[in-house]
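My numbering puts the first residue of the sequence shown at 9, with every later residue one more than the last. Beta carbons: idealized from backbone N, C-alpha and C, even for Gly. Report on the following structure.
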Amino acid sequence: MFNIRAKINTVYSRILIFNILLVIIISLVPQVLYIHYFSTAYNEEIMRQSTQDVNKLKYAVDETILDRVIRLVNIYFSDIPSNEILAYPLTHDISGNGFKIAEVSNYLTDIPYKLNFLQSVEVWYTAGNVYINDKYNSYLDSASSRKSLDDAWIDVLRNQETPNRWLAPRISMPLNMPVITYLSNIPLIDNISNRQAVVAINIKESAIHNLIQSSPTDGEVLFILDEAGNVLVHSDKQWIGHNFNQKDYIQTLLQTDDGTFESSVEGVQSVVSYSKSKYNNWKYVSVISIDKLYQKSKQLTHYLIITTIILLTVSLLLSVYITHRANKPLRRVIQTILNLGNAEGQLEKGTKSEYTLLHNVIDRVSKTIHDLHHQMEANKPIIRDKFIMRLLQGDMDQNDPQVEHMEQMLDIQFCHNKTACMALKIFDVEGTGLGNEMIVPYSMLHNFEAQEDYWLCSTIDNAGNIVAMLNYSKAIDKEEICSSIGAQIKGKFVLGFGQEYEHSYANIARSYAEACDCLNYAFIMPDQSLIVYEELAITSRKEYGSGLQIMEQLSAAVRSRNKEMVGSILDILLKGLISGRYHIDFCRNTVFDAISVIRTTAIAMDIDLERFLGYDIRDYGRKLDNVASLTDWLSEVAVQIMDYHTTDVNNDPGTALERQIMAYIEQNIYNEISLSSLSEGIHMNSSYVSRIYKSVMGSNFSEHLAGIKMKHAESLLRESDLSIKDIAEKLGYTSPRYFAKLFKEKFGFTPKSYRDSLSG
């Protein structure tokens, strides 16, 4: 098309070469730099995110299972009155006492019911050489009992030399269930000559496996190793029990506590992330292929490269074409760019020129840039929220240069030298809805960001609590913050404040954990909206108290149907837990022990409590958010049990239920009554009440309620001066005609006729 060779020494050739080089420099170099920067930053972010599943799994297993298993020994075998059954054989030989052995066995049976991830708890007492578990019991000196025991397993217990240890998965008899066992000496000392017992706590392997199955992303493999490289739990069950110690990448991760590296796994180049448990030598490991991990990154990079090539090719063609056509190159090019907006309209119909092509290319580029900017802005809140949650959970390295870049990109500015966290829990009570829950963080942001000395960012954590990080220089007024939040919420809330620290990422996570502890203690502080961590003095709180005697008194009072005594005992329990400076775990366990006592006592009185109430009091009790509400409700349950046992000697709950229904309807006749509100008012399940209502009351709910309302309507017509319309509205009828129809069906004449007959 162009005779370049003939014009090589002309001005045109020089201008053409200059324009081509200029286009290449302007178009290609920035694109190459951008692709390199984008790929590097995106891949580094993906690498960091690849560790999230490992940390989630570590938190789930450590906090929900391992921590509770380790603390279980202290909870049930410490020398306190409530542990007398399990603690007595530590210092006494019960091998000849069948009653004591059965008592210990029954007590051990109850423990897995409270912790559903447990399969069983076994104990070998050195005094008397007695072995007991929750399914059968035996003492080792009996020849008949030895036949039913696994001697090899007994030897494991007897030869437990370390204070505690974790065993690899094994099959637990007689249920033939795979378990992971935690062994602990009592007391927890190295000298086995002073050992009093060995406790074996058997964790269901399926419980940990379910946590693993719920964690991995697409194409990811999760598993747990012990220090010897044995697979304890694997997302693919066929590998459980195998030893991976000979694999190169396993050797690498066993040498350090946590990290991320690339390695060949089963012939596939993969990213391996791992982290060590806080409570033992387990390693939580994630393996995902690099191709799977970087698939989206590669797709985006290819897209950018293709776009760059297309733009560069079009730019070069346009440069050649425009240079060829230009008589006055520089002025013409400048004029062309200035007139791009009008170029298409100036062309003749059916003509296609370089101006049209250039205009279309610029339009496409502009649209692409706009779409990319829109996507980034749309996802920015999600990225920001994840960044904040990683800060709160302590998963961020403050010295990582990329973290500083993320702070700038997400507009997170820690400009002051002090930091603290607060956590807000809003209770689901009348008057508080989703609107209030959504507006609170924005209200806090508005109140604090308006002040120069404070900077705040907030999010909602995994427990549904609103969490805020405060960064400031001057002292903060916690009471003022609580009052400000209270002005935004109509219902009940609790605000927990962690301690103030010098600003650092580690201290942010520490203050957040303390703020969450404050929310936990709201259970025994029903009247407080503001709880400050320093005022809790958790380290000085008592781990246990004398609750065994009061539980026995509660059971005796219910059996004797002494309502005043039951109320007095529960009141003493409430006041003791609120003012006794106890640890929150002890308070919760004590209250739920009281629930178990009430339930056990009802069963002993031949009352089918679940059928009588329509729900399980153990499940219902866990839903109540503070000890005052819980003891009030428990008092009502106890009264129902005592009333039922006193009046309904034939174990027929119909009479007691009829009185409760009639009392509720009479008390609320002028309010809106539904089957749901009735069931809640008498503390029964709505489906159960609906099912038995007709058999108890003689008619279904709507017919029965209408009949009672008509009786009240007759009284109001006779004894008041209210109009018929007002009486209808008072009884909840929006249509006077419908009200008159029901009245006539009940009494045979209309309300007006009835009132006229009274005046006549």
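query: Applying the criterion that 16 or more other CB atoms from any shown protein chain within 10 Å of the CB defines a buried residue, is K7 buried or exposed?; result: No answer is possible for residue 7: it lies beyond the span of the chain, which begins at 9 and ends at 768.
query: Out of A208, Q246 and I188, point me to the one whose CA is closest to D770's CA.; result: The question about residue 770 has no answer here: the residues shown for the chain are numbered 9 through 768.
query: Is G267 helix, strand or coil by DSSP?; result: strand
query: Does DSSP put R699 in a helix, in a strand, or in coil?; result: helix
query: Would you say I539 and G584 are within 8 Å of each other, going by their C-beta atoms?; result: no
query: Look up R173 in the DSSP assignment and give the residues it is bridged to.; result: L191
query: Count the other C-beta atoms from every protein chain shown that fall within 10 angstroms of the C-beta of P186, then say buried if there are 16 or more, exposed otherwise.; result: buried
query: Apply the 10 Å Cβ neighbour rule to N2 and answer buried if 16 or more other Cβ atoms are within range, or exposed otherwise.; result: The structure shown does not extend to residue 2, since the chain is modelled only from 9 to 768, so the question has no answer here.
query: Taking buried to mean at least 16 other C-beta atoms within 10 Å of its own C-beta, is L191 buried or exposed?; result: buried
query: Strictly by DSSP, which residues pair up with F505?; result: M430 and V540
query: Would E1 be called buried (16 or more neighbouring beta carbons within 10 Å of its own) or exposed?; result: Past the boundaries of the shown model lies residue 1; the chain is included only from 9 to 768, so the question cannot be answered.
query: So F531 and I592 are in contact, right, with Cβ under 8 Å, and what is the actual spacing, rounded?; result: 6 Å
query: Going by beta carbon distance, what residues of the same chain come within less than 8 Å of G693, once the five residues before and after it are set aside?; result: Here the sequence assigns Asn to residue 693, which means Gly is not the residue at that position. For N693, where only same-chain residues beyond five positions count, the Cβ hits under 8 Å are L621, G622, Y623 and S687.
query: Relative to the alpha-carbon of L750, which residue among K550, I580, H720 and I546 has its alpha-carbon at the smallest distance?; result: H720
query: Tell me whether Q496 sits in a helix, a strand or coil according to DSSP, three-state version.; result: coil
query: Quick one: what's got a C-beta closer than 8 Å to T582's C-beta in the same chain, skipping five residues either side?; result: The sequence as given places Leu at residue 582; Thr does not occur at that position. Answer for L582: V635, A636 and T639, listed in chain order.
query: Closest to Q204 by CA distance: which of T758, E572, D265 and G136 is it?; result: G136
query: Would you call Q168 buried or exposed, if buried means 16 or more other Cβ atoms sit within 10 Å of its Cβ?; result: buried
query: Just curious, the alpha helix (DSSP H) that C524 is in, first and last residue?; result: Y513 to Y529
query: By the 10 Å Cβ neighbour count, where 16 or more other Cβ atoms means buried, how is T134 classified, buried or exposed?; result: buried
query: Would a C-beta distance cut-off of 8 Å place I258 and V241 closer than the cut-off?; result: no
query: In this structure, does DSSP put I474 in helix, strand or coil?; result: strand
query: Between which two residues does the beta strand (DSSP E) carrying H242 extend?; result: V239 to H242
query: Which of helix, strand or coil does DSSP assign to A208?; result: strand
query: Can you tell me whether F757 is helix, strand or coil according to DSSP?; result: coil
query: Hey, which unbroken runs of the alpha helix (DSSP H) at 4 residues or more fall wholly within the segment 587-647?; result: 592-612, 617-621 and 625-631
query: Quick check: what's the CA-CA separation for P171 versus S695?; result: 52 Å
query: Measuring CA to CA, which of R372, K426 and L312 is closest to W463?; result: K426
query: Looking at the strands, I want to know which residues DSSP matches up with K291.; result: L233 and K284
query: Quick one, which of I88, Y509, Q263 and Y590 has its alpha-carbon nearest N479's?; result: Y509
query: Out of D651, E618 and N515, point me to the one whose CA is closest to V566's CA.; result: D651
query: Within 10 Å of its beta-carbon, does G506 have 16 or more other beta-carbons around it, so buried, or fewer, so exposed?; result: buried
query: Using the three-state DSSP reduction, which class does T742 fall into: helix, strand or coil?; result: coil
query: Can at least three beta-carbon pairs, one atom from the segment 728-736 and one from the segment 707-717, be found at a separation below 8 Å?; result: no
query: Figure out for me which residue from D579, R398 and K754 has the closest Cα to the Cα of D61.; result: R398
query: Taking the CB atoms as reference points, tell me whether L94 and I220 lie closer together than 8 Å.; result: no
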